[in-house]
Amino acid sequence: MDAVDILKICFRRWYVMLPILIGAAGVSYQLIETQETTYTAAASYGLVQPRLTSAGSEVERNPLGSDGSDLVGAALEAQLNSRVTQQLLGSETTRGWGPGESENGSSYSVKIPLYETTYEVRAYGPDEQEVQDVVNRVIEAAPGIADELQTRAGAPTAVRYEPFVLAPTQVDALPATSTLKLVIAVMGVGTLVGAAWSIVADRVLRRRRVGGATATHSWPAPSDEENDALDSPDPSTAARASMAGAPAGKAKNGQAGGVEPALTSGTKRNKSGKTAGSTGPGDGRRERRHQPLVRR
Numbered sequence: 001m002d003a004v005d006i007l008k009i010c011f012r013r014w015y016v017m018l019p020i021l022i023g024a025a026g027v028s029y030q031l032i033e034t035q036e037t038t039y040t041a042a043a044s045y046g047l048v049q050p051r052l053t054s055a056g057s058e059v060e061r062n063p064l065g066s067d068g069s070d071l072v073g074a075a076l077e078a079q080l081n082s083r084v085t086q087q088l089l090g091s092e093t094t095r096g097w098g099p100g101e102s103e104n105g106s107s108y109s110v111k112i113p114l115y116e117t118t119y120e121v122r123a124y125g126p127d128e129q130e131v132q133d134v135v136n137r138v139i140e141a142a143p144g145i146a147d148e149l150q151t152r153a154g155a156p157t158a159v160r161y162e163p164f165v166l167a168p169t170q171v172d173a174l175p176a177t178s179t180l181k182l183v184i185a186v187m188g189v190g191t192l193v194g195a196a197w198s199i200v201a202d203r204v205l206r207r208r209r210v211g212g213a214t215a216t217h218s219w220p221a222p223s224d225e226e227n228d229a230l231d232s233p234d235p236s237t238a239a240r241a242s243m244a245g246a247p248a249g250k251a252k253n254g255q256a257g258g259v260e261p262a263l264t265s266g267t268k269r270n271k272s273g274k275t276a277g278s279t280g281p282g283d284g285r286r287e288r289r290h291q292p293l294v295r296r
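In UniProt numbering, the protein residues as written are 1 to 296.
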């Protein structure tokens with residue numbers, strides 16, 4: 001079966017193909033209506049420390065600075081991403097994951113991007129102003145949270161790390177899925193499904209048709225005229241009637257050519273065209289009628 005045969009089947013079973021295509025068109029329309037533009041806002045910051053005096057080391061002056069501000073940054077990142085801080089600074093209309101990322105229920109995200117050393121605050125949402133406000137609130141709250149963390153660690157005020165904003169908040173619109181590509185994809189799937197169901201329906205209907213034709217095509221029963229001709233004493237008339245009742249080339253009762261074997265004594269033909277053995281003296285007249293005449 002090639003593409004032309006499949007196309008013919010789809011046109012022949014259009015009543016199967018058409019509803020599926022209409023359903024695919026409806027799905028495409030709904031997807032287009034629900035499609036919306038997604039905005040993302042992002043800002044980055046780093047941690048800096050005031051200039052140290054010559055006396056003493058960084059470890060002695062700031063317990064959290066032994067790893068080059070890594071510990072302060074990790075603590076600040078964990079605090080900003082906590083659920084309590086998310087509820088205070090986030091929004092219900094924004095989220096912290098983008099396309100292709102797993103959902104985590106956050107309103108924004110704070111992390112170090114790959115191959116970078118600074119922290120990035122990012123939020124996604126359908127409202128441009130809302131995502132920008134969320135990122136701005138996180139950036140504004142970061143210095144206070146960092147100072148609180150270092151206060152709990154007992155770090156002197158003069159040498160505490162402070163967040164430094166490297167880039168202001170920027171808002172970008174993510175490219176939406178092309179409407180034409182979306183329609184082509186959905187309609188393509190609908191066409192494949194419709195073609196598959198059309199082939200299945202065509203096979204089922206063909207099998208039913210063949211089965212029905214086989215069941216209705218049976219051996220035709222002889223008519224009353226044929227039965228009377230078979231009962232006639234003339235052998236040629238009976239032979240012609242027998243040949244007229246059976247198609248040529250078909251075997252009946254084990255004889256080739258469609259000719260029924262001659263009736264012998266002890267057999268008779270009933271009204272349904274079948275032969276049966278003689279039963280009783282009442283059939284003698286019909287038996288004698290089929291006996292050949294002997295010239296004396």
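Built from N, CA and C at the ideal position, the CB exists for glycine as well.
Contact set for residue i: own chain, Cβ-Cβ below 6 angstroms, skip 5 residues either direction
i: Val16; result: Trp197, Ser198 and Ala201
i: Ser109; result: Gly96 and Arg122
i: Ala24; result: Val186, Met187 and Gly190
i: Leu149; result: Ala75
i: Ala78; result: none
Min CB distance residue i to chain D below 8 angstroms
i: Val138; result: Here chain D cannot be found, since the structure has a single protein chain.
Reduced DSSP secondary structure (H/G/I, E/B, other) of residue i
i: Asp5; result: helix
i: Arg13; result: coil
i: Glu36; result: coil
i: Gly46; result: strand
i: Gly90; result: coil
i: Asn136; result: helix
i: Ile20; result: helix
i: Ser198; result: helix
i: Ser82; result: coil
i: Glu116; result: coil
Counterpart residues of residue i in DSSP-defined beta bridges
i: Pro101; result: According to the sequence shown, residue 101 is Glu rather than Pro. Looking at the DSSP assignment, Glu101 forms no beta bridge with any residue, so it has no partner.
i: Ala123; result: Ala41
i: Val110; result: Val121
i: Arg95; result: Tyr124
Residues of its chain near residue i, where Cβ-Cβ distance is below 8 angstroms and the 5 sequence neighbours each way are ignored
i: Ile145; result: Leu76, Gln79, Leu80 and Thr85
i: Val183; result: Ser28 and Ile32
Contact set for residue i: own chain, Cβ-Cβ below 7 angstroms, skip 5 residues either direction
i: Arg137; result: Leu89
i: Leu166; result: Ser44, Tyr45, Gly46 and Thr118
i: Glu103; result: Trp97
Counting pairs of beta carbons, one from the segment 187-200 and one from the segment 30-43, are three or more of them closer than 8 angstroms?
no
Cβ pair count under 8 angstroms reaching 3, the segment 149-157 against the segment 117-129
no
Unbroken stretches of the beta strand (DSSP E), 3 residues or longer, contained in the segment 145-191
162-174
Is there contact between the segment 176-185 and the segment 98-114, where contact requires at least three CB pairs shorter than 8 angstroms?
no
Within the chosen definition, does the segment 132-143 reach the segment 73-91 through at least 3 CB pairs nearer than 8 angstroms?
yes
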